[in-house]
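When we follow the numbering used here, the leftmost residue of the sequence shown carries the number 620, and every step to the right adds one. A short write-up of the structure that comes next.
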Amino acid sequence: MPVDLVVEGVAEAGLDPESVTRLVQALLDDLGVEGPCSLSVCLVADGAIRALNREHRDLDEVTDVLSFPVDGLDPLPAGMERELGDVVISLAQARRQAAEQGVTEHEELSSLVVHGVLHLAGFDHEIDEGEMLALQDKIMASL
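Right, dumping it as structure tokens:
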């Protein structure tokens, strides 16, 4: 399935936009997302993600990743491109978490991309029985 992916801010993280695209493409294929789709992954500063968190979740704090789904996965008319939405990641928070967890920044950022895209695909760890986080762990173990 073709993916139109806009990636911003990854150069500062030492990530190759093409590797992010491959990760997202493989994830969407594994999830069975059909048809052409588009989404964005954007790495931002703590202040930007805090403002988004405050505006959209009424939480005045820095978080690691936010997802803003658009179309969901309901059927669309033939030939219509699916707009999955946006994933926003705090680069500084990802770096802090990588250090705390003893993983590389690349591993942590990859995990956050997977987490965000799973939310765009309709998963929600805040209301499920642990399925989303188990799937995230399985995906990360396969990378």
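Virtual Cβ for every residue (Gly too), placed ideally from N, Cα, C. All values derive from a computational prediction rather than experimental measurement.
When you compare only the Cα positions, how much space is there between residue i and residue j?
i: His744; j: Gly698; result: 31 Å
i: Met596; j: Asp679; result: Beyond the ends of the chain as shown, which are 620 and 762, falls residue 596; an answer cannot be given.
i: Leu646; j: Ile758; result: 8 Å
i: Glu726; j: Asp693; result: 31 Å
i: Ala664; j: Glu748; result: 32 Å
i: Ile746; j: Leu671; result: 21 Å
i: Arg715; j: Cys656; result: 32 Å
i: Ala740; j: Leu703; result: 7 Å
i: Ile668; j: Gln712; result: 10 Å
i: Glu627; j: Arg641; result: 15 Å
Can you tell me the Cβ-Cβ gap for residue i and residue j, rounded? I've got them flagged as a contact below 8 Å.
i: Val643; j: Val707; result: About 14 Å separates the two Cβ atoms, so there is no contact after all.
i: Val639; j: Val732; result: 6 Å
Who are the Cβ neighbours of residue i in its own chain at under 6 Å, not counting the five residues just before and after it?
i: Gly654; result: Arg701
i: Asp705; result: Ser659, Phe687
Let me know if residue i comes out buried or exposed under the rule of 16 or more other beta-carbons within 10 Å of its beta-carbon.
i: His734; result: buried
i: Ser709; result: buried
i: Gln720; result: exposed
In chain order, what residues of the same chain have a beta carbon less than 7 Å from the beta carbon of residue i, not counting five sequence neighbours either side?
i: Thr723; result: Ala717
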